[in-house]
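> For the sequence shown, position 3 (counting from the first letter as 1) is numbered 3 according to our numbering, and the numbering increases by one without interruption. We put the CB at the ideal spot given by N, CA and C, even for glycine. Just so you know, these numbers come straight off a predicted model, no measurement behind them. Below: one structure in structure tokens.
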Amino acid sequence: YILIDGRLLVTIEDETGTHKVGEILPGQSFGEMAVLSGARRVATVRVGSESPAHVLALARPALRLLRKLPKFGQALDKTYREYGLSLTLREIQSFTAPNLFNTELLKRFSDATRFVVYEKNHVLFQEGDPINRLVFIKNGWIRRVRGADFNPDVADLLMGLDEDVSIDFLGAGNCLGFEGIDLAAKWQHTATIMTRAEVIEVAISRLRSDAELRHAIVKALSGVSSVDDAPKPVKALDQRQVAAASKEIGTGIVDGVNLLVMDMDLCVRCGNCSLACHKVHGHSRLVRRGINIERPVKPLSRSVQNVLAPSVCLHCQDAECLTGCPTGAIARYPEGKVDIDPQTCIGCGDCATQCPYDAISMIPRTPEKATLSGRLVKSFKSLVSLSPQQLPPPVAVLEDLLAVKCNLCDNTKLNPPGAKRQAYSCEENCPTGALLRVNPREYFTEITSSIGLIQQDQTHAIGRNIHKSDPLAKLWHVGGILFCLIVGGLAFWATRRYSPDANMGYGWLTMRWLTGLAGL
């Protein structure tokens, strides 16, 4: 948005109420961070009470085209960084102590820092380099390696052979470089960006020349960062945790808002999940292939859990599919869900090609209707056929397509207005509880956004995927087990007591009949 005339007020809400954090004057733009990153809005903008305001709204496709203009792109990038810096400083201040920074000190803090966006595989610093800045991670993930400065990529292989090699992973909210503030020091590890990351960098030279600013920044950043200030990454207790954490971060599944996971140790390969999705939506949006992760049930345990993250929408925090749509048909909704509006989708397929998880499919907007006789023949064949069900043929239509993806079963009978909890057809129809929708940051407990992931906590355990409690189903299961044990015990006793064809009393019941009934 660009304000043409008038005045706009910027407010945020927290547990204490609504607070004004700024004003927008004519000629200023706002909303770039949410549009460019695909994230939710972090503030509320409303018109001032004294006069109306005129605002120019730029849709994402138009903004993407205008960004190619050198001057507009530079101005947009500058505004994005300024807003990102001010937002981060405000978050740090509100989290630690609201009165820690006065207006003048906050201005000096802003002048001493810079907001930087790094892409994947960028090396922040090398082991042995002098520490010349504090690095605060606003979002994204960093991989720290010690003892393999010649080639950090081989640290995974050397970790079990060389005691000096260690690895850990740091997420948003961590700050590095405290040990270089008072005395000259060197980085004891190599830090590499694992995913797109936004960081705040504070120049050490400015802190050494300003004691008041140094004291305030150290107090603020150390308050929000719970990573160990020791210069060495903590050694891993279980290398399998390192491998699992590396894959979970590297593939990006930990940054999803709503992740579908399948515990393959509980899955019986019945296909009910895909069938239920097809029944609800008319076509299955669940493809049972994707990212496989093997993780220990608990550190140093021989038991492992095999998890499959199938090719289903993760509703990513930084959704790449949002950047390609020319009409804005795909968008993020207030509760975090990413969905597609079929009315404005033109079937170009840009979102499907942008999605790194192949979670978006292109289907005919008006599927061919089968005749009654054709449906009857197909139903009869599926009923009597012993061969596995064949996959449908690929779509041959190139026009009038529609992009579809998992929408968390919204606007279906599973989630009527006023429902107390969100229900998902695939999860509800899983007979073993192997399938579940989770928050990946909570489910993958070896991943923590506020501390180093490799923890020396012997009691740290990785939670298994457990379906929602169903007391009635448990009662039926217990009753069935007891019934089978009782009938089996009676059959064994009767086999020892009677011959197979001897009458058990004066009726027709024989031991042969009894064992046959027990077998049924």
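Identify whether P440 lies in helix, strand or coil by the three-state DSSP scheme.
Locating residue 440 in the sequence shown gives position 440, where the first residue counts as 1. DSSP places P440 in helix when its eight states are reduced to three.
> Strictly by DSSP, which residues pair up with M262?
By 1-based counting over the sequence shown, the position of residue 262 is 262. Note: M262 sits in a beta bridge opposite L308 and L435.
> Can you tell me the Cβ-Cβ gap for Q354 and G324, rounded? I've got them flagged as a contact below 8 angstroms.
Within the sequence shown, numbered from 1, the residue matching residue 354 stands at position 354. Within the sequence shown, numbered from 1, the residue matching residue 324 stands at position 324. 4 angstroms between Cβ atoms; contact.
> So is E427 buried or exposed if we call it buried at 16+ other beta carbons inside 10 Å?
Within the sequence shown, numbered from 1, the residue matching residue 427 stands at position 427. E427 should be labelled buried.
> Using 8 angstroms for Cβ pairs, my map puts E32 next to V117. What's the rounded Cβ distance?
The residue labelled residue 32 in the question sits at position 32 within the sequence shown. The residue labelled residue 117 in the question sits at position 117 within the sequence shown. Not a contact, Cβ separation roughly 13 angstroms.
> Counting only the same chain and skipping the five closest in sequence on each side, list residues whose C-beta sits under 7 angstroms from that of T18.
Within the sequence shown, residue 18 is the residue found at index 18, counting from 1. Taken in chain order, the residues that qualify are T11.
> Who are the near neighbours of Y83 in its chain, counting only those whose CB is closer than 6 angstroms to its CB and skipping five residues on each side?
Along the sequence shown, one-based indexing puts residue 83 at 83. Excluding sequence neighbours, Y83 sits near M33.
> Tell me which residues share the same chain as E248 and place their Cβ nearer than 7 angstroms to its Cβ, disregarding the 5 neighbours each side in the sequence.
Numbered from its first residue, the sequence shown carries residue 248 at position 248. Excluding residues within five positions, the ones whose Cβ falls inside 7 angstroms are V254, I293, F444 and I447.
> Measure from the alpha carbon of V242 to the alpha carbon of each residue in P296, G22, R365 and N415, then state which is nearest.
Taking the first residue of the sequence shown as 1, we reach residue 242 at position 242. Of the listed residues, the one whose Cα sits closest to V242 is P296.
> Across which residues does DSSP place Y118 in a beta bridge pair?
The count along the sequence shown starts at 1 and reaches residue 118 at position 118. DSSP, once it has assigned bridges, lists A197 as partnering Y118.
> Quick one, are the C-beta atoms of A276 and S425 less than 8 angstroms apart?
In the sequence shown, residue 276 corresponds to position 276, counting from 1. In the sequence shown, residue 425 corresponds to position 425, counting from 1. It is a contact, given that the beta carbons lie within the stated cut-off.
> For I2, which option in P310, T79 and S222 has the closest C-alpha, if you only look at C-alpha atoms?
The count along the sequence shown starts at 1 and reaches residue 2 at position 2. It is T79.
> Alpha carbons only, please: which of I200, L176 and V47 is nearest the one belonging to A185?
Indexing the sequence shown from 1 puts residue 185 at position 185. Per the Cα distances, L176.
> Just to confirm the assignment, what range does the beta strand (DSSP E) spanning H189 have?
Here residue 189 is taken as the residue at index 189 of the sequence shown, counted from 1. From DSSP, H189 is part of no beta strand (DSSP E); its letter is neither H nor E.
> Helix, strand or coil for T11? Go by DSSP, reduced to three states.
Here the question's residue 11 lines up with position 11 in the sequence shown. DSSP places T11 in strand when its eight states are reduced to three.
> Which residue comes first and which comes last in the alpha helix (DSSP H) that contains K107?
For the purposes of this step, residue 107 is taken as the residue at position 107 of the sequence shown. Here the alpha helix (DSSP H) through K107 covers T103 to D111.
> To the nearest angstrom, report how far apart D265 and N439 are at their CA atoms.
Locating residue 265 in the sequence shown gives position 265, where the first residue counts as 1. Locating residue 439 in the sequence shown gives position 439, where the first residue counts as 1. Looking at the two C-alpha atoms, the distance is approximately 20 angstroms.
> Give the straight-line distance between the Cα atoms of T190 and F109, rounded to the nearest whole angstrom.
Reading the sequence shown from its first residue, position 190 is the one you call residue 190. Reading the sequence shown from its first residue, position 109 is the one you call residue 109. Each residue's alpha carbon lies about 27 angstroms from the other.
> Taking the alpha-carbon positions, what's the C267 to R437 distance?
Walking along the sequence shown from the start, residue 267 turns up at place 267. Walking along the sequence shown from the start, residue 437 turns up at place 437. Roughly 15 angstroms separates the two Cα atoms.
> Return the CA-CA distance between E15 and I92, expressed in angstroms with no decimal places.
Along the sequence shown, one-based indexing puts residue 15 at 15. Along the sequence shown, one-based indexing puts residue 92 at 92. Roughly 17 angstroms separates the two Cα atoms.
> For the putative contact between Y357 and L314, defined by C-beta atoms under 8 angstroms, what is the C-beta separation to the nearest angstrom?
Here the question's residue 357 lines up with position 357 in the sequence shown. Here the question's residue 314 lines up with position 314 in the sequence shown. About 6 angstroms; that satisfies the 8 angstroms criterion.
> DSSP state of C348, grouped into three classes?
As a working note, residue 348 is residue 348 in the sequence shown. Coil at C348, not helix or strand.
> Between the C-alpha atoms of R7 and L56, what's the straight-line distance to the nearest angstrom?
The count along the sequence shown starts at 1 and reaches residue 7 at position 7. The count along the sequence shown starts at 1 and reaches residue 56 at position 56. Rounded to whole angstroms, R7 to L56 spans 13 angstroms at the Cα level.
> What did DSSP end up calling A216 once you bin it into helix, strand or coil?
In the sequence shown, counting from the first residue as 1, residue 216 sits at position 216. Looking at A216 - three-state DSSP - the assignment turns out to be helix.
> Going straight from the alpha carbon of R90 to that of W141, what length do you get?
Walking along the sequence shown from the start, residue 90 turns up at place 90. Walking along the sequence shown from the start, residue 141 turns up at place 141. Rounded to whole angstroms, R90 to W141 spans 22 angstroms at the Cα level.
> Find out if the Cβ-Cβ distance for the pair D400, R365 is shorter than 8 angstroms.
On the sequence shown, position 400 is the one that residue 400 refers to. On the sequence shown, position 365 is the one that residue 365 refers to. Yes.
> So, for F101: in the same chain, excluding its five sequence neighbours on each side, which residues have a beta-carbon less than 7 angstroms away from its beta-carbon?
If you number the sequence shown from 1, residue 101 lands on position 101. Here the set comprises Q93, F109 and A216.
> Taking the beta carbon of D111 as the centre, do at least 16 other beta carbons fall within 10 Å, making it buried, or is it exposed?
Along the sequence shown, one-based indexing puts residue 111 at 111. So D111 ends up on the exposed side.
> Looking only at C-alpha atoms, which of S205, I200, G171 and N174 sits nearest to L183?
Here residue 183 refers to the residue found at position 183 when the sequence shown is read from its first residue. Cα-wise, what sits closest to L183 is S205.
> In angstroms, rounded to a whole number, what distance separates the CA positions of V478 and V165?
As a working note, residue 478 is residue 478 in the sequence shown. As a working note, residue 165 is residue 165 in the sequence shown. Between V478 and V165, the C-alpha separation is close to 51 angstroms.
> Quick check: F136 and I193, are their CB atoms within less than 8 angstroms of each other?
Reading the sequence shown from its first residue, position 136 is the one you call residue 136. Reading the sequence shown from its first residue, position 193 is the one you call residue 193. No. Outside cutoff.
> Is it true that the CB of R60 sits closer than 8 angstroms to the CB of G336?
For the purposes of this step, residue 336 is taken as the residue at position 336 of the sequence shown. For the purposes of this step, residue 60 is taken as the residue at position 60 of the sequence shown. Not closer than 8 angstroms, so no.
> State the DSSP-derived secondary structure class of V45, mapped to helix, strand or coil.
Position 45 of the sequence shown, counted from the first residue, corresponds to residue 45. Three-state DSSP puts V45 in a strand.
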